[in-house]
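Numbering (the numbering used here), first residue to last: 64 to 332.
No residue lacks a Cβ here, since even glycine has one placed at the ideal position from N, Cα and C.
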């Protein structure tokens with residue numbers, strides 16, 4: 064009904080904000096709190112399966128659920144993001160203290176998990192199993208994300224502390240699938256941020272600025288007599304220039320001839 068890929072949606076965006084507040088601020092103290100958190104994470108994952116929208120609160124809650132299954136020493140303090148406690152009784156809610164590899168139970172959460180607050184081995188197995196499946200789905204959706212290696216790395220730190228030999232086969236299978244997704248995310252090559260290539264700046268060429276301006280000289284209309292006078296004056300100027308040119312040539316020829324004769328007479332002497 065509503066698009067989850069929109070940057071801002073009047074229904075979806077406030078809903079996701081409210082869900083994120085529940086997952087990041089509600090205290091995890093009993094069975095009901097864990098079941099509600101996993102249920103909200105499942106809904107968020109189903110809604111963002113196509114749009115692949117990144118919800119940090121979901122990823123952190125699934126990591127915290129795996130953290131609750133890690134056996135801890137009394138002096139050990141882990142770094143974990145709230146609402147999970149790094150130490151104390153609420154940090155070991157899902158720890159399995161015996162071998163339950165032959166234990167028969169359902170793989171999914173049940174309706175009674177949202178009402179009962181006490182935690183038993185049956186719920187510990189199912190809660191960890193659902194967390195592993197959801198975490199695997201989230202990491203597969205985020206394979207195209209640039210920082211998926213940093214999102215997957217904290218899981219491996221907690222998974223190696225859990226003894227999965229004490230869990231049924233279906234939990235071990237989901238653990239192996241998650242390990243493969245983590246390995247694919249961690250070994251994914253990172254594409255470094257590179258500034259765009261700058262093209263070499265071409266030399267500025269200066270072209271002559273040519274302006275085409277045509278000024279037409281409008282000559283006043285002359286009478287026939289004046290027009291004939293203007294034509295005769297033009298012819299006289301032209302003939303005069305030609306005559307001056309011929310006189311200069313003749314003078315140059317005569318001066319050369321005089322020089323030759325003088326040189327010849329000097330040689331005869």
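query                                                                                                                  : result
Rounded C-alpha distance that separates residue 260 from residue 209                                                   : 22 Å
The stretch 118 to 136 touching the stretch 169 to 186, judged by at least three CB pairs closer than 8 Å              : no
For residue 218, three-class secondary structure by DSSP                                                               : helix
Simplified DSSP assignment, three categories, for residue 114                                                          : coil
With 16 other Cβ atoms within 10 Å as the buried cut-off, status of residue 94                                         : buried
Short Cβ contact (8 Å threshold) for residue 334 with residue 179                                                      : Because the chain in this structure spans residues 64 to 332, residue 334 falls outside the shown range and cannot be described.
Spatial neighbours of residue 201 in its chain, beta-carbon cut-off 8 Å, leaving aside the 5 residues before and after : 108, 121, 122 and 125
Test item: CB-CB of residue 194 and residue 128 under 8 Å                                                              : yes
Cβ-based neighbour list, residue 144, same chain, cut-off 6 Å, excluding 5 preceding and 5 following                   : 123
Cutoff 8 Å; reference residue 211; Cβ partners in own chain excluding five residues on either side                     : 202, 205, 248 and 251
Ranges of the alpha helix (DSSP H) found wholly within the stretch 176 to 256, counting only runs of at least 4        : 184 to 204, 211 to 222 and 232 to 249
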